[in-house]
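Quick note on this note's numbering: the sequence shown kicks off at -18 and runs consecutively. From the three backbone atoms N, C-alpha and C, an ideal C-beta is built for every residue, glycine too. The structure appears right after this line, and notes come after that.
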Amino acid sequence: MIPVDNIAQLIGDTPMVRIQFPEIPPHITLYGKLEGHNPGGSVKDRPAYQMISQALKRGDITPETRLVEATSGNTGIALAMVAAAFKLDITLIMPENSTQERIDTMRAFGARVILTEAAKTIEYSRTLADEMVANEGYYMLNQFANPDNYWAHYHSTGPEIWRDTQGQITHFVASMGTTGTIMGNSRYLKEQNPAVRIVGVQPEEGASIPGIRKWSPEFLPQIFEPERIDQILYVNEAQATQTTRRMAREAGIFAGMSSGGVMHAALELAQSLTEPALMVCIVCDRGDRYLSSPLFAQTP
């Protein structure tokens, strides 16, 4: 590998691995794209770099700008890493029930972390970030409304998937949070082949899965365009947890709960397809930032 000058230059070109669980029909090929191989450990490295680098390029921010962003975890880690690489000041706001690993990682990169009441969810974290922009002179990158979020995937993730499947992909499956991942990949993949099916994954009513969310109408991400999604599948906490554990034990893929949710949905979809298909699902991050949570708290 050619040496680089900045850690952000290592973002992208993540590997794909074939998933070979026994319930996958023989006419279905399923790959997981391992976004935990990004230097910050998640798919959010891509939009974090795109949002910061493009804001600097446009002159929207300068090295003196104080950044603020609400996050459920992975975006915060990615922004903290990229901010450190560009020597920028950043404050991150997140619910207090976020895992300690996530909080500590952000602080290790030099970010200031503000924890909000867990019962108020990330929606209150977003409200507080808005107030800091209005009253304290902060600048918010605003992953929920920033087009650079989905353009990151249009310019990197989508082309990588198309290249690495040699244009044979038939189904793309991803979780829905800010929706940047699914919006950007949908744009790119359907430009290559309109027949590619774009499948989003959301939590069942009442389920809480970090990284997968169904927003209240007033907090729906502005970058979300529902017409770019062909199908939505729903998962619950038990399904996401069980599949995350299976991924580690049966495939050696150590990932977080949202990845388990996506994989569960992909496996259900694979079993429903009667024609040959090549599916790619996004494995969002690494499992090491969940070790203090109940996700992997089980006996052998």
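*My understanding is that Met32 touches Asp129, with C-beta atoms under 8 Å, so please give their C-beta distance in whole angstroms.*
As a first step, residue 32 is located in the sequence shown; it is residue number 51 there, counting from the start. As a first step, residue 129 is located in the sequence shown; it is residue number 148 there, counting from the start. With a Cβ gap of about 4 Å, Met32 and Asp129 count as contacting.
*What alpha helix (DSSP H) runs, 4 residues minimum, are completely inside the region 185 to 240?*
218 to 232
*Using 10 angstroms around the beta-carbon of Gln223, count the other beta-carbons present and answer buried if the total reaches 16, otherwise exposed.*
As a first step, residue 223 is located in the sequence shown; it is residue number 242 there, counting from the start. Classification for Gln223: exposed.
*Contact belief for Met(-3) with Leu15 at Cβ below 8 Å, rounded distance in angstroms*: Reading the sequence shown from its first residue, position 16 is the one you call residue -3. Reading the sequence shown from its first residue, position 34 is the one you call residue 15. Confirmed, about 7 Å.
*Rounded C-beta distance between Ile179 and Ser167? I'm assuming under 8 Å.*
Here residue 179 corresponds to residue number 198 of the sequence shown, with the count starting at 1. Here residue 167 corresponds to residue number 186 of the sequence shown, with the count starting at 1. With a Cβ gap of about 4 Å, Ile179 and Ser167 count as contacting.
*Can you tell me which of the three DSSP states His8 falls into?*
In the sequence shown, counting from the first residue as 1, residue 8 sits at position 27. It is coil, neither helix nor strand.
*Indicate the three-state DSSP secondary structure (helix, strand or coil) for Leu96 in the structure shown.*
Looking up residue 96 in the sequence shown gives position 115. In the structure shown, Leu96 sits in a strand (DSSP, three-state: E or B).
*Please work out which residues of its chain come closer than 8 Å, Cβ to Cβ, to Ile5, disregarding the five sequence neighbours upstream and downstream, and give them in chain order.*
By 1-based counting over the sequence shown, the position of residue 5 is 24. Within the same chain, Ile5 has close Cβ partners Leu11, Leu248, Ala251 and Gln252.
*Cβ neighbour criterion (16 or more within 10 Å) applied to Ile(-17)*: Translated into the one-based positions of the sequence shown, residue -17 becomes position 2. It is exposed - the Cβ of Ile(-17) has fewer than 16 other Cβ atoms within 10 Å.
*Note down, in chain order, each residue of its chain lying with its Cβ closer than 6 Å to the Cβ of Pro257, except the 5 sequence neighbours on either side.*
Your numbering for residue 257 matches position 276 in the sequence shown. Closer than 6 Å at Cβ, skipping near neighbours: His8.
*Quick one: which unbroken alpha helix (DSSP H) runs of 4-plus residues sit fully inside the region 105 to 185? Chain order, please.*
128 to 133, 139 to 145 and 161 to 173
*asked:* If distances are taken between C-alpha atoms only, which option among Leu122, Glu172, Leu272 and Thr160 comes closest to Thr43?
replied: Your numbering for residue 43 matches position 62 in the sequence shown. Thr43 has its Cα closest to that of Leu122, out of Leu122, Glu172, Leu272 and Thr160.
*Can Arg83 and Gly54 be called in contact, C-beta distance under 7 Å?*
By one-based count along the sequence shown, residue 83 stands at place 102. By one-based count along the sequence shown, residue 54 stands at place 73. Taking 7 Å as the Cβ cut-off, Arg83 and Gly54 qualify as a contacting pair.
_In whole angstroms, give me the CA-to-CA distance for Val209 and Thr146._
Counting from 1 along the sequence shown, the entry for residue 209 is found at position 228. Counting from 1 along the sequence shown, the entry for residue 146 is found at position 165. The sequence given here places Arg at residue 209; Val does not occur at that position. So the two alpha carbons sit approximately 21 Å from each other.
_Rounding to the nearest angstrom, what Cα-Cα distance links Leu254 and Pro3 in this structure?_
Locating residue 254 in the sequence shown gives position 273, counting from the first residue. Locating residue 3 in the sequence shown gives position 22, counting from the first residue. Each residue's Cα considered, the two are about 15 Å apart.
_Using a 10 Å radius around the Cβ and a threshold of 16 neighbouring Cβ atoms, would you call Asp266 buried or exposed?_
Here residue 266 refers to the residue found at position 285 of the sequence shown. With 16 or more other Cβ atoms within 10 Å, it is buried.
*Could you name the residues of the same chain whose beta carbon sits closer than 8 Å to that of Val177, not counting the 5 residues immediately before and after it, in chain order?*
Walking along the sequence shown from the start, residue 177 turns up at place 196. Closer than 8 Å at the Cβ level, and outside the excluded window around Val177, lie Ile150, Thr151, His152, Phe153, Leu170 and Lys171.
*asked:* Could you tell me the alpha carbon to alpha carbon distance between Thr280 and Thr225, rounded to whole angstroms?
replied: Mapped onto the sequence shown, residue 280 falls at position 299. Mapped onto the sequence shown, residue 225 falls at position 244. Note that Thr280 has pLDDT 45, beneath the 50 cutoff, so the model's placement of it is unreliable and no number is given.
*asked:* Buried or exposed, going by whether 16 or more other CB atoms sit within 10 Å of the CB of Glu98?
replied: The count along the sequence shown starts at 1 and reaches residue 98 at position 117. Classification of Glu98: exposed, given that the 10 Å Cβ count is below 16.
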